[in-house]
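Here's the structure, in structure tokens; my notes come after.
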Amino acid sequence: MANQNDKRALEDKIDVSSSACSESVAPKKQRASTADQKHSVIRSSSSTSHLSQAFTCENVVAHARQVTASISKEIDVDKVFADAKVHYLTRDRASWVYHVPRWYHRMYAFCDGNRHGSYREWLDRIWTLHPVDHGTIKMFGRDVLTPRFQQAYGVSYRFSGNTFEAVPVPESLQHCVELMQAMVVNPATDNTLLNGVLLNWYADGDHYIGPHSDSVGALYKHSPVFSLSLGATRRFVFTAKTGKSSTANDRNGAVQRLELALQSGDLIVMGGMTQQTHKHALPKMKNCIEKRVSITLRCFVTPS
1 MANQNDKRAL
11 EDKIDVSSSA
21 CSESVAPKKQ
31 RASTADQKHS
41 VIRSSSSTSH
51 LSQAFTCENV
61 VAHARQVTAS
71 ISKEIDVDKV
81 FADAKVHYLT
91 RDRASWVYHV
101 PRWYHRMYAF
111 CDGNRHGSYR
121 EWLDRIWTLH
131 PVDHGTIKMF
141 GRDVLTPRFQ
151 QAYGVSYRFS
161 GNTFEAVPVP
171 ESLQHCVELM
181 QAMVVNPATD
191 NTLLNGVLLN
201 WYADGDHYIG
211 PHSDSVGALY
221 KHSPVFSLSL
231 GATRRFVFTA
241 KTGKSSTAND
251 RNGAVQRLEL
261 ALQSGDLIVM
271 GGMTQQTHKH
281 ALPKMKNCIE
291 KRVSITLRCF
301 VTPS
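Here it is in structure tokens:
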């Protein structure tokens, strides 16, 4: 039987240029912590660690489990994360996507957020938060109507030629947002680094977002982007960048295409160099008549 070093060597030889190299996240037995222990369990083991340590795939995976366990002792953490996978988008594993199917759907019954009624009633409430107008974005130098609704919370966000002015996070969103925020914290202070929230509302399959990579100029370098998908199941597609980025991507054996079917409650994290090596999109979907909402969180650099 091959030892661990031989196994890793074999994995490193895998050609990932045509399909994603994905790994199920091995469950670790652990006792659920109480809610008031949430911040202590996610503290880095070294208070002098570089901030970038909070952004690693290993750290995000571990903290996702710990934060989930902190909600209730009744939660079977291994069951919640049984289908969780890390998809590496480059051979050197610098670009990665972490996908936890149905995460918040499974959490909702244990959350104080259920005071908003059933999961379905809560989704309906979230939908009513969308702005009246679609707004516009810049495409090829022209203002075009945004094919979805958008609103920033917490920290204003500039992309596609516009600045989306932030408003306070509404009470109905606070629980799911705070859970995700607890997954990426400054190890020296325990303050969250996921301080910017952006919501996208998709009325049906005609609402979409085209292939793009996120604007990262105002974010901490290589910080992860968290996204919670609610409502309709939609396709989420990653494609390798071309042009100036293609040489580096060829050298790293970049995955050319990865498609995920995001269900209601799915948590997805885009980390490492993903924004530099790949684009992502939510394509139009024929015959989709259900609504979808995405809640995305980013790590903005803010004045001390």
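Numbering (UniProt numbering), first residue to last: 1 to 304. All residues carry an ideal CB built from backbone N, CA and C; glycine is no exception. Treat the numbers as computed from the prediction; the structure is a model and nothing was measured.
- Inclusion of Q151 and L228 in the CB contact set at 7 angstroms is not warranted, their separation being larger than that value.
- Going by C-alpha positions, L145 is about 4 angstroms away from T136.
- For secondary structure counted as the alpha helix (DSSP H) over 4 or more consecutive residues, the segment 78-122 holds these complete runs in sequence order: 103-107.
- One Cα belongs to F110, the other to K73, and the distance between them is close to 10 angstroms.
- Per DSSP, the continuous beta strand (DSSP E) segment holding H278 begins and ends at H278 to L282.
- Annotation for H207: P147 and R148 place their beta carbon closer than 6 angstroms to its own, counting only its chain and skipping 5 residues before and after.
- For L145, the enclosing beta strand (DSSP E) starts and ends at R142 to L145.
- Here D76 is exposed: its Cβ has fewer than 16 other Cβ atoms, across all protein chains shown, within 10 Å.
- Apart from sequence neighbours up to five positions away, the residues of its chain that approach M270 with a beta-carbon distance below 6 angstroms are V97 and V225, ordered along the chain.
- For L179, the enclosing alpha helix (DSSP H) starts and ends at Q174 to Q181.
- Under DSSP, A188 forms no beta bridge with any residue.
- Under DSSP, the beta-bridge partners assigned to T239 are R257 and K279.
- Membership of A64 in the alpha helix (DSSP H) is indicated by the continuous run C57 to I71.
- Straight across, the Cα-Cα distance linking S52 with A254 is about 23 angstroms.
- In this structure, the alpha-carbon of V237 lies about 6 angstroms from that of L258.
- Take the alpha-carbon of V185 and the one of H63: they are about 10 angstroms apart.
- Around the beta-carbon of T277, 16 or more other beta-carbon atoms lie within 10 Å, marking it buried.
- Y108 and Q256 have their C-alpha atoms some 35 angstroms from each other.
- In the structure shown, I268 falls within a strand segment according to DSSP collapsed to helix, strand and coil.
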